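Residue numbers (this note's numbering): 155 to 290.
By construction, the Cβ of each residue, glycine as well, lies at the ideal position given by its N, Cα and C atoms.
Just so you know, these numbers come straight off a predicted model, no measurement behind them.
Taking it in order: structure first as structure tokens, then the write-up.
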Ligand SMILES: [Zn+2]
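Next up, the structure:
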């Protein structure tokens, strides 16, 4: 599975954010997150397919999402979540749309809970709990 163009799923993802975020969150779909961060004087560890950011000046929240995510990246993310103990990962995150909904909710979990990178499993759990509040 790969994500060809996350822009095709924008409506669903923005509705997910409206439903679960405590304040407005911009969804920024960009070709390359490392390039975007470099252009804003930010820095990233590597070049992730998604990242939560807080504007240093305004404090506004945003979630960055790479426009296309190749099958290797999708597989490695699913592997990571599964290794974290979520046995249903492969069957639940089986479509590009559900995969992206979980990805965006995971990033929202970092923002809502002020969780750092040492909370990946907590973020996954938070995202799964909200993913299941309505049928996919
Ligand atoms: Zn994370």
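For the pair of segments examined, the segment 219-227 was found to touch the segment 198-205: the number of CB pairs separated by less than 8 Å reaches three.
If you draw a straight line from the Cα of residue 171 to the Cα of residue 258, it is about 8 Å long. Three or more beta-carbon pairs separated by less than 8 Å link the segment 160-179 to the segment 236-254, which places the two stretches in contact. Ranked by Cα distance from residue 262, the first of 159, 176, 161 and 162 is 176. Distance from the CA atom of residue 199 to the CA atom of residue 227, rounded to whole angstroms, is 15 Å.
Its chain contains 156 as the residues whose beta carbon lies nearer than 7 Å to that of residue 224, once the 5 sequence neighbours on both sides are disregarded; these appear in chain order.
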